Amino acid sequence: MRRLLAVIVTLVALTIALPVAAQQYPTRPVELIIPFATGGPTDTAFRIIQPQLAASLGQPIVLINKAGGGGAVGMDLVAKAKPDGYTLAATVRSTVTILPATQPDVTYKLADFAAVGAFAFDSGVILVKSGAPWKTLEELVDHMKKNPGKVTYGSAGLGTNSYFNMELLQQAYGVTLAHVPFGGSGPVKNAVLGGHVVVGAASLSAVLSVVRSGDILPLATSATKRLAVAPNVPTMTEKGHPDASLSTWMELYAPGKTPKPIVDRLSAALEKTMKDPAAVAAIEKAGMTVEHHDPAGTLKLVERENEVVLRLAKKLNLGKQ
Amino acid sequence: MRGRDRAAAAVLLVFGLLALEEARKLRFGAVAKPGPGFFPVVLAAALTVVCAALLIVAWRARDGGGDVAGLAWWKIAATIVALFAYASVLERAGFVIATFGLLLFFFKVLEGQRWLPALAGSLATAFVTYVVFKVWLNVQLPAGPWSG
Amino acid sequence: MDVLHGLGYGLGVTLQPANLLACFVGVFVGTLIGVLPGVGPTATMSLLLPITFTMSPTASIIMMAGIYYGAMYGGSTTSVLVNIPGEAASVVTCIDGHQMARQGRAGPALGISAIASFIAGTFSVVCIMLLAPPLTSVALRFGPPEIFGLLLLGFTMVTYLTAGSKLKAVAMALLGMLLGTIGLDPISASPRFTYGSVTLGDGLGLVPIIMGLFGISEVLLNIGAGVKQDVFETRIKGLLPSRDDWRRSSAPLARGTVLGFLLGILPGMGAIIPTFMSYALEKRLAREPDRFGKGAIEGVAGPEAANNAATGGSMIPLLTLGFAPNVAMAVLLGAFLIHGVQPGPLLIKEHPEIFWGVIASMYVGNAMLLVLNLPLIGLWVQVLRVPYGILFPLILLFCLIGVYSEHGNVWDIIVMLAFGAIGLLMKRFGFDPAPLVLAFVLGRMTEESIRQSLLMSGGSFAILLTRPIALAFIVAALLVALLPLLLPPVKRLLRTVPPDDTT
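Structure (structure tokens):
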């Protein structure tokens, strides 16, 4: 009898609770779509926080890799997913800013997503080989000014943060460089070490080992403030160019029309995860820096960066060939 | 032999010409400053030339005989259609259901096994592979409607 | 710490029960995924990465490395038995390995692969130990012009060495390169032949193409030919290589090992290209090149040695410089970083237990693999006795799973099936799919490297001639191309091999 009563009470409670289902969200596993293949830095970052995030949400997190189109395939899927909070994009910022701005085939845009939060970034870094005649960014810029169009720089590829950072740097200092795109930060590092290009732009996690060993000299980072792993390296913001500071931000997005209570619930879970020392330590070991932003804060940063990207893409005539 | 070589060369030649036509729409650049279209144009042009040469060789060749055993084309076609059907329902139906259907088709229709072994074999294989790949090896497979 | 002392110390680390277990699990999983077509070491390593969070750094690196070189052992098994590469690096093994299986010599084929893998694997570990630091600085000198020169040499070497009509081979290579241009242009990132499809922006995948051309097409052909079991009805003769096999294999094995190791060090090479190079080299050196493609054991021993040696070679830049020469190494690098260990010049000083432990574990792991794989040969050969009506659905299923799981994208299955149909037609019309696949991989690299070179030099081709390594490769490529014209006897030796018809 008592059991029956319990069932009835539960049923009644459920019926009352239904209209405010969002408060109960999540009631089933949440799918995080990673728009890249397994093994990449984005995939790694989310696999690191997966257990803590699941614990904070009280539901399992299922990571699904939907690679393709440099991230566009997975993002498109989320943009068109049901906005119920069960399908999210676990991605990097450039997939909602640079990708739609530079690729004519990408049809989604920033407004198709609701930012849940940013939690870590892999700083961009400008580097030269140790033993090169320049010890500071200013000395290098001087050299660039004396040899317009002659100094080569390697980026991780057109349409990557590294490329945008260097183009923004050229605008900021009024210099012209010769661009040699490579397929990722690793090859850029090799090219700088081998002396095949003068300057390299890459992400910090990929070059940290050779920075520590002293084989490569970082001249500036794109971080907002000096990094604990490289306290002597100035930031572009310090140099007065906060716009030329694109970093690889790990972010979580929901489909655009997701109700605010759900976004807030997710944001709270993400915030709690980033207070877990184990998760923070694991991310920092991977060469990234933990910095959490709530939905509003994330959106503000992303929108501002998007403006910079759109302006530059238009100027460089990218996206409309 | 000769007929088949001619046909193959002709098909490739047409493909080369089509590719050339399409590649010319891309920005060509210059020899010292190649654009996106440079390589495709060069490759398509080279393919066209080589296929033209192939066609000439095939035309002039004496008939080599070289008889090949005929293939049961209906079986091949049925397999390809079944595989495409599998691809189209895989994510909606989930791995186990789609795989069960595919295997049943192979065992029953293509191989003409009896119902019981065909059913049992398909079901068992679908489940076992799911367990091995998804659970043990952590390979990504669509769970289907029950993923809930 | 000198080398012997270091190795002894490393063995002590490896023989700790936890590390020994990690090593075994690694090579076992590696063999398993190597046997399964499509499921590659890169994906497996990254998916198992979270498991290593709870393990010690040394044990997790040992396990990850074990998966990688273990996969190279397993990959040849599928190639030999069912003519489908279990691993992309085992494509070449299909050519002669499967022919051997058809002649009832699956045992020796598998045996020589396991032994070649063991010898090459062990050799490369010795080399890592001795040569790591000096070789790394050479590898760094390989910029875009050097890579372009190397590719040029590779192309000229391979061109002469495909079975059947040279014109057909060149046509297939051009087709492969053309297919490789689909997707975003590597330099300007503008879409080519994508027709508005975002998915096509990444280009066609290598794994679906390989699985389609070599795997699906083979199964389709067998289904159409009404193969029941007659293909493999030949009696299985012996499980281990005979004395004659040994005599034929030893030199190719040695050459494949050295070639694979040297190429493995270079960035971007991976384990695939060395196998093609080794096969080409053996065919060129062989007294009877006609035997290649018809079950020549040299064609198995060389490439199998090459892919295992390349695996070892690619560890050098990772361990000594902290850069990953290929994707699989990038994942291994990730495993290092997650445990707060920076591979690089300081690794040996800061973490001798990891550096020497991993190296010693590779000796132990290679021995484990040999012990694991030799007895399995008897078991694998029994696979040939399974009726084809049961075997082929399973093969197809493994291909489907492997290709889907790489990106979680049904599109890859479609590509694989399309190339399966194309591969079937190619086989029927006497076209060899190997040059297509090789050119598909190398074509992109070639375009990228020459365009990067020109950007580096501001549009001057002189960059290819003023850099000694690049120049040496280009001169060598010219020599290889011109030698047959200059020397009639060589030309006779390299005469067109009669086309082998549909298999």
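Protein chains in written order, with this note's numbering: chain Z, 1 to 321; chain X, 1 to 148; chain D, 1 to 503. Ideal placement from N, C-alpha and C gives every residue a C-beta, glycine not left out. Fair warning: this is a prediction, and the values are worked out from it, not measured in the lab.
Residue nearest to residue i in terms of C-alpha spacing, selected from the options
| i | options | result |
| --- | --- | --- |
| leucine 394 of chain D | D/Leu178, D/Ser197, D/Gln99 and D/Gly215 | D/Gly215 |
| isoleucine 51 of chain D | D/Gly26, D/Ala71, D/Tyr68 and D/Ile33 | D/Gly26 |
| glutamate 218 of chain D | D/Leu436, D/Leu259 and D/Ala421 | D/Ala421 |
| valine 96 of chain Z | Z/Pro51, Z/Gln59 and Z/Asn161 | Z/Asn161 |
| valine 308 of chain Z | Z/Ala279, Z/Asn165, Z/Met288 and Z/Pro277 | Z/Asn165 |
| proline 284 of chain Z | Z/Ile262, Z/Arg304 and Z/Met250 | The residue you asked about is not proline; residue 284 of chain Z is glutamate in the sequence shown. With distances taken between Cα atoms, glutamate 284 of chain Z lies closest to Z/Met250. |
| glycine 70 of chain D | D/Asp96, D/Thr42, D/Ser56 and D/Thr54 | D/Thr42 |
| isoleucine 64 of chain Z | D/Ala434, D/Ser405 and D/Ile414 | D/Ser405 |
| serine 124 of chain D | D/Leu263, D/Gln382, D/Gln103 and D/Arg428 | D/Leu263 |
| glycine 174 of chain Z | Z/Gly200, Z/Ala206, Z/Ala156 and Z/Glu138 | Z/Glu138 |
| proline 242 of chain Z | Z/Ala156, Z/Pro35, Z/Lys109 and Z/Leu168 | Z/Leu168 |
| arginine 4 of chain X | D/Ala225, D/Gly295, D/Ile401 and D/Lys168 | D/Lys168 |
| alanine 37 of chain Z | Z/Gln24, Z/Val30, Z/Gly58 and Z/Ala72 | Z/Ala72 |
| alanine 77 of chain X | D/Leu152, D/Arg243 and D/Gly224 | D/Gly224 |
| leucine 240 of chain D | D/Phe336, D/Met72, D/Ala22 and D/Ala114 | D/Ala114 |
| valine 371 of chain D | D/Met63, D/Ala360, D/Pro57 and D/Tyr73 | D/Tyr73 |
Distance between beta carbons of residue j and residue i, contact taken as under 8 Å
| i | j | result |
| --- | --- | --- |
| serine 222 of chain Z | glycine 124 of chain Z | 4 Å |
| glycine 297 of chain Z | phenylalanine 113 of chain Z | Not quite, the Cβ-Cβ distance comes to about 15 Å (not below 8 Å), so this is no contact. |
| phenylalanine 261 of chain D | cysteine 127 of chain D | 6 Å |
| leucine 140 of chain Z | alanine 202 of chain Z | About 15 Å separates the two Cβ atoms, so there is no contact after all. |
| isoleucine 61 of chain D | isoleucine 265 of chain D | Not really, about 19 Å apart at Cβ, beyond 8 Å. |
| isoleucine 210 of chain D | valine 29 of chain D | Contact flag wrong, Cβ pair sits at about 22 Å. |
| threonine 129 of chain X | isoleucine 401 of chain D | 7 Å |
| proline 35 of chain Z | lysine 66 of chain Z | 6 Å |
| glycine 201 of chain D | glycine 183 of chain D | 6 Å |
Chain D contact residues for residue i, given Cβ-Cβ distances below 7 Å
| i | result |
| --- | --- |
| valine 302 of chain Z | The contacting residues do not exist; valine 302 of chain Z stays about 21 Å from chain D at best. |
| tryptophan 115 of chain X | What tryptophan 115 of chain X touches in chain D: nothing, since even the nearest Cβ is about 15 Å away. |
| valine 180 of chain Z | Gln452, Leu455 and Met456 |
| glycine 144 of chain X | None at all; the shortest Cβ gap to chain D is about 13 Å. |
| valine 131 of chain X | Neighbours of valine 131 of chain X on chain D: none; closest Cβ ~12 Å, over 7 Å. |
Amino acids of chain Z, ordered along the chain, whose beta-carbon sits closer than 8 Å to that of residue i
| i | result |
| --- | --- |
| asparagine 409 of chain D | Lys66, Ala67, Gly68 and Val73 |
| glycine 201 of chain D | Gly68, Gly69, Gly70, Ala72, Gln103 and Asp105 |
Interface residues of chain D facing residue i [CB-CB closer than 8 Å]
| i | result |
| --- | --- |
| aspartate 323 of chain Z | The first residue shown for chain Z is 1 and the last is 321, placing residue 323 of chain Z beyond what the model contains. |
| leucine 158 of chain Z | Ile187, Ser188 and Ala189 |
| valine 50 of chain X | Leu167, Val170, Ala171 and Leu174 |
| lysine 285 of chain Z | Leu337, Ile338, His339 and Gly340 |
In DSSP terms, what residue i is bridged to
| i | result |
| --- | --- |
| glycine 183 of chain D | D/Arg192 |
| threonine 95 of chain Z | Bridge partners of threonine 95 of chain Z: none, in fact. |
| phenylalanine 118 of chain D | Answer is none; phenylalanine 118 of chain D lacks a bridge partner. |
| lysine 153 of chain Z | Looking at the sequence provided, one finds tyrosine at residue 153 of chain Z rather than lysine. DSSP output for tyrosine 153 of chain Z lists Z/His179 and Z/Val199 as bridge partner(s). |
| isoleucine 49 of chain Z | Partner(s): none; isoleucine 49 of chain Z has no beta bridge. |
| isoleucine 61 of chain Z | Z/Val30 |
| phenylalanine 121 of chain Z | Z/Trp249 and Z/Thr289 |
| phenylalanine 113 of chain Z | Z/Pro255 |
Within chain D, partners of residue i - CB distance below 9 Å
| i | result |
| --- | --- |
| glycine 76 of chain X | Position check: residue 76 of chain X holds isoleucine in this sequence, whereas glycine was assumed. Near isoleucine 76 of chain X (Cβ distances below 9 Å), the residues of chain D are Leu220, Leu221, Ile223, Gly224, Ala421 and Leu424. |
| tryptophan 73 of chain X | Gly224 |
| arginine 60 of chain X | Ordered by position in chain D, no residue passes the 9 Å Cβ test against arginine 60 of chain X, which lies about 13 Å from the chain. |
Per-residue contacts from residue i into chain X (C-beta, under 9 Å)
| i | result |
| --- | --- |
| leucine 48 of chain D | Leu137 and Asn138 |
| serine 76 of chain D | Correct list: empty, because the minimum Cβ distance to chain X is about 20 Å. |
Beta-carbon neighbours of residue i, restricted to chain Z and to distances below 7 Å
| i | result |
| --- | --- |
| arginine 141 of chain D | Gly194 |
Any C-beta of chain B under 8 Å from that of residue i
| i | result |
| --- | --- |
| glycine 458 of chain D | Looking at the structure shown, chain B is missing, and the protein chains on hand are Z, X and D. |
9 Å Cβ cut-off: residues of chain Z touching residue i
| i | result |
| --- | --- |
| threonine 466 of chain D | Those within 9 Å of threonine 466 of chain D in chain Z number zero; the least Cβ separation is about 13 Å. |
Item to check | Sufficient close CB pairs (3 or more, under 8 Å) joining the stretch 84-95 of chain X to the stretch 110-121 of chain X | outcome: Contact fails: fewer than three Cβ-Cβ distances are below 8 Å.
Checklist entry - Are the stretch 269-278 of chain Z and the stretch 43-56 of chain Z touching, with three or more C-beta to C-beta distances below 8 Å? => result yes
Checklist entry - Touching or not, the stretch 278-288 of chain D and the stretch 325-339 of chain D, by the rule of three or more beta carbon pairs under 8 Å? => result no
Checklist entry - For the 8 Å Cβ check, are there 3 or more pairs between the stretch 384-391 of chain D and the stretch 190-204 of chain D? => result Three or more Cβ pairs closer than 8 Å define a contact, and the stretch 384-391 of chain D falls short of that threshold against the stretch 190-204 of chain D.
Checklist entry - Taking three-plus beta-carbon pairs below 8 Å as touching, is the stretch 18-38 of chain X in contact with the stretch 186-193 of chain D? => result yes
Checklist entry - Do three or more CB pairs link the stretch 175-195 of chain Z to the stretch 217-231 of chain Z at distances below 8 Å? => result no
Checklist entry - Does the pairing of the stretch 19-26 of chain X with the stretch 41-61 of chain X give three or more beta-carbon distances under 8 Å? => result Yes: at least three Cβ pairs fall under 8 Å.
Checklist entry - Three or more C-beta pairs closer than 8 Å, one from the stretch 451-461 of chain D and one from the stretch 171-180 of chain Z: is that the case here? => result yes
Item to check | the stretch 90-106 of chain D / the stretch 397-414 of chain D touching (three or more Cβ pairs under 8 Å) | outcome: These segments do not touch.
Checklist entry - Should the stretch 106-120 of chain D be called in touch with the stretch 73-92 of chain D, which here means at least 3 C-beta pairs below 8 Å? => result At 8 Å Cβ cutoff, the stretches touch.
Next on the checklist: Check whether the stretch 189-198 of chain Z and the stretch 91-109 of chain Z touch, using three or more Cβ-Cβ pairs below 8 Å as the test.
Outcome noted: no
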